[in-house]
Amino acid sequence: MQTQMTKSQLIQKIAELRELAKKDVRSMMEAFEQLLKFRLADAAVLWEDYLEETMPLLEAGVDLPGARDHQELTEKREEIAALLEVGRLSKREISWEDWEEGTGALAEACGLTESLLEGLEASLVAARRERRRRRRNLWIAAAVLVAFLAGVALGTLLF
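Positions 678 to 836 (our numbering) are the ones given, in order, by the sequence shown.
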């Protein structure tokens, strides 16, 4: 049994280990990218709800405590898209530095996506709270109006 490698065997072993490490790094990058894609699908649904439910209130100048700034959310979406592109492009590169940059970009994009999701959810909660408050006030106003009209009608009948 041979305990020492020749120089050519050592070079071959290093090349094999390098190839194995490349596959591991690419697998990690692809795992981050897949996670990001799933979370971005969730964000896309929430974004549509946000545009439908929250934006009209914000555009009308309604104060929504807890809602995030629209510009901040938009900038996060743009930054996530840019980081995702860096990650995707880095997978095609051949240097460790590029792969590290790509993995870092994808990991950062995952973190930003979580922050975006939290911001969208908080904004939707604030908008839904405001809509419930408005509906409740509308029902109260309607009840007061009905009571007033009933009082006027009763007063007219009795006097």
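Note that CB positions come from ideal geometry on N, CA and C, so glycine has one too.
From L734 to S800, what does the alpha carbon distance come to, in whole angstroms?
For L734 and S800, the distance between alpha carbons rounds to 11 Å.
Could you round the C-beta distance between K768 and S792 to whole angstroms and report it? I think they count as a contact, below 8 Å.
About 24 Å; that fails the 8 Å criterion.
By DSSP, does P742 sit in helix, in strand, or in coil?
Annotated three-state conformation of P742 is coil, per DSSP.
Check the C-beta distance from L789 over to W724 and give it rounded, since I have them as a contact under 8 Å.
The Cβ separation is near 14 Å, so there is no contact.
By a C-beta neighbour count over all protein chains shown, 10 Å radius and 16 as the cutoff for buried, is R695 buried or exposed?
exposed
For G743, which residues in the same chain have their Cβ closer than 7 Å to its Cβ, ignoring the five residues on either side in sequence?
A799, V802 and A803
Relative to the C-alpha of E785, which candidate in L835, A692 and M706 has its C-alpha closest?
Selected option, being the one with the closest Cα: M706.
Measuring straight from C-alpha to C-alpha, what distance separates L712 and E755?
18 Å
Quick one: using the 10 Å Cβ neighbour count with 16 as the cut-off for buried, is T731 buried or exposed?
Looking at its Cβ environment, which holds 16 or more other Cβ atoms inside 10 Å, T731 is buried.
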